[in-house]
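Taking it in order: structure first as structure tokens, then the write-up.
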Amino acid sequence: MKTMIAALAAATLLAFSPAVAADETLFPRIADTSKAAPETAKFFDAFFTAKSRHDVDATMSFFSPDLVTYTDAILGWPLDNYETLKGVFASYMPNWGNGRSYPFRIIGGPDSAVVAFIDTPELFGGEIRLLGAIDFKDGKIVRWVDYWDSTGFPADVYNKVRTPADKFPTGFKESAIRDNAAPAIVKVATDVQKALANGDAEAVGTHLSYDVVYEDLTLRTQILGEAATRRYLNRILPAVPFGRGAELMHVVGGEKGGGFEWRSADGKIRGVTAIELDGNGLVSRITTTYDGRLVPADARKQLVALSSEP
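Numbering-wise, the working numbering comes out as the position in the sequence shown, counting from 1, plus 1241.
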């Protein structure tokens, strides 16, 4: 039955994906889609083509009229309906000049996914490299939440546009979308997040492939291999926001991978962790991002230093 439902969802996504002709020169076609459902990869290629053409109507055609939210989790911008999102695109897109938005990694599908993508500086005042957690319904986007590290983003722009702390949203409509990820990624994501929150690097390690790649985009850190990743997690889990006491908020993805959104124990930092699975169901890549500006500079430097073996 699950296979039949997945097949129907895939067909629906293809059927309802708006037709946007590909332009190979519009942006670099560098996206790794090896862990994406083919129809999901095609969907996002068409979406980013429309967005990079600054075509408001074509871009909005990928969103459901029943959109739950499009939220920037770092700036605290919850755009909680279709017309509000359209208004933002209509306001910004005419000023984007030569700006482009394009994916570099697509994970999961067809019901939900993680997409790693780039917004060039023309769009919002500085280069942004994001991980978006996306849910689909009837072939359209119903929930999209973006996560990124702002430490390389212009401070004057960030301080001007970020929602003040006392008005910053505490939830991103997670409860509005339930059971929209494949069982395989739900199980792995739930287990990995629980182990991280318990500070248990060894439990995380039981899910890792021998050649796993671990990335923290905020700390600019990459660790190679299961043994090294275990040791690294043992060093950092007491201090990172996705470590001890962190809360699982939402899971997205398909049979080949996806990710989970999380909230730090003190509730101050939101982030996302993307997970890719190999043919044996083990984690072959983990990629995490969150707003490093919310981590004190000295603490962030100490965390970066922990990437080196003692």
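We treat Cβ as the ideally placed atom computed from N, Cα and C, and that holds for glycine.
Comparing alpha-carbon positions, which option in the options lies nearest residue i?
i	options	result
Gly1466	His1448, Leu1458, Thr1300 and Pro1482	His1448
Gln1463	Leu1544, Lys1381 and Gly1317	Leu1544
Arg1526	Leu1316, Asn1475 and Ala1430	Ala1430
Ala1468	Gly1522, Gly1484, Ser1450 and Asp1457	Ser1450
Phe1413	Ala1436, Lys1283 and Ile1510	Ile1510
Leu1308	Ile1382, Gly1522, Arg1419 and His1295	Ile1382
Tyr1473	Asp1321, Gly1499, Ile1426 and Leu1437	Leu1437
Pro1479	Gly1508, Val1453, Phe1330 and Asp1441	Asp1441
Asp1507	Gly1486, Ser1391 and His1491	Gly1486
Pro1405	Val1454, Ala1314 and Arg1370	Ala1314
CA-CA distance, residue i and residue j?
i	j	result
Lys1401	Gly1366	11 angstroms
Gln1434	Leu1489	7 angstroms
Pro1424	Leu1267	36 angstroms
Phe1377	Glu1265	26 angstroms
Ile1347	Leu1316	23 angstroms
Ala1277	Ala1422	13 angstroms
Thr1411	Ser1505	12 angstroms
Ala1256	Gly1380	Bear in mind that a pLDDT of 42 at Ala1256, under 50, signals an unreliable position, so the number given afterwards is only what the model happens to contain. Their backbone Cα atoms lie some 7 angstroms apart in a straight line.
Glu1368	Lys1327	22 angstroms
Met1301	Ser1416	23 angstroms
Gly1349	Lys1408	33 angstroms
Asp1298	Glu1443	49 angstroms
Asn1439	Val1524	19 angstroms
Asp1387	Tyr1531	10 angstroms
Asp1452	Thr1470	10 angstroms
Val1427	His1491	9 angstroms
Arg1403	Val1329	15 angstroms
Asp1432	Val1536	26 angstroms
Thr1312	Thr1325	11 angstroms
Asn1521	Val1445	16 angstroms
Pro1319	Gly1393	22 angstroms
Pro1306	Asn1339	29 angstroms
Ser1391	Arg1370	9 angstroms
Arg1270	Asp1420	32 angstroms
Pro1335	Pro1279	32 angstroms
Report back the beta-carbon spacing between residue i and residue j to the nearest angstrom; my notes put them in contact at under 8 angstroms.
i	j	result
Val1558	Glu1502	In the structure as shown, the chain starts at 1242 and stops at 1551, and residue 1558 therefore has no counterpart that could be examined.
Val1356	Gly1373	5 angstroms
Ser1353	Val1493	4 angstroms
Phe1304	Tyr1323	6 angstroms
Ile1375	Trp1385	5 angstroms
Gly1500	Leu1518	Rounded, the Cβ-Cβ distance is 11 angstroms, inconsistent with contact.
Pro1351	Thr1281	5 angstroms
Tell me which residues share the same chain as residue i and place their Cβ nearer than 7 angstroms to its Cβ, disregarding the 5 neighbours each side in the sequence.
i	result
Pro1344	Ala1272, Phe1285, Phe1289, Val1356, Ala1357 and Phe1358
Ala1331	Val1297
Taking DSSP's pairing of strands, which residues face residue i in a bridge?
i	result
Lys1542	DSSP, once it has assigned bridges, lists no residue as partnering Lys1542.
Phe1358	Pro1344 and Leu1371
Phe1501	Val1492 and Thr1514
Ile1527	Tyr1455 and Ile1516
Ser1353	Asp1376
Trp1385	Tyr1311 and Ile1375
Thr1462	Asp1457
Trp1318	Asp1313
Phe1209	Outside the shown range of the chain, which is 1242 to 1551, sits residue 1209, and nothing can be said about it.
Asp1273	Arg1346
Leu1449	Val1524
Leaving aside the five residues before and after residue i along the sequence, list all residues of the same chain whose C-beta is less than 6 angstroms from its C-beta, in chain order.
i	result
Ala1538	none
Trp1337	His1295, Glu1363 and Leu1364
Ala1396	none
Asp1321	Thr1310
Ile1418	Asp1376 and Arg1384
Any Cβ of chain C within less than 8 angstroms of the Cβ of residue i?
i	result
Leu1460	Looking for chain C here will not work: only one protein chain is present.
Residues in its own chain within less than 8 angstroms of residue i by CB, not counting five upstream and five downstream?
i	result
Ser1342	Phe1268, Phe1289, Lys1292, Ser1293, Phe1358, Ile1359, Asp1360, Thr1361 and Leu1364
Leu1460	Gly1533, Arg1541, Leu1544, Val1545 and Ser1548
Thr1529	Glu1456, Asp1457, Leu1458, Thr1459, Phe1483, Gly1512, Val1513, Thr1514 and Ala1515
Arg1207	Because the chain here runs from 1242 to 1551, residue 1207 falls outside it and cannot be looked at.
Lys1243	Confidence at Lys1243 is low in this model, with a pLDDT of 37, below 50, so the placement of that residue should be treated as unreliable; the coordinate-derived value is given next. Excluding sequence neighbours, Lys1243 sits near Pro1424.
Val1454	Gln1463, Ile1464, Leu1465, Ser1525, Arg1526 and Ile1527
Closer than 7 angstroms to a non-hydrogen atom of the ligand FAD - does that hold for the CB of residue i?
i	result
Ile1347	Absence of the ligand FAD is noted for the structure shown, with no ligands found whatsoever.
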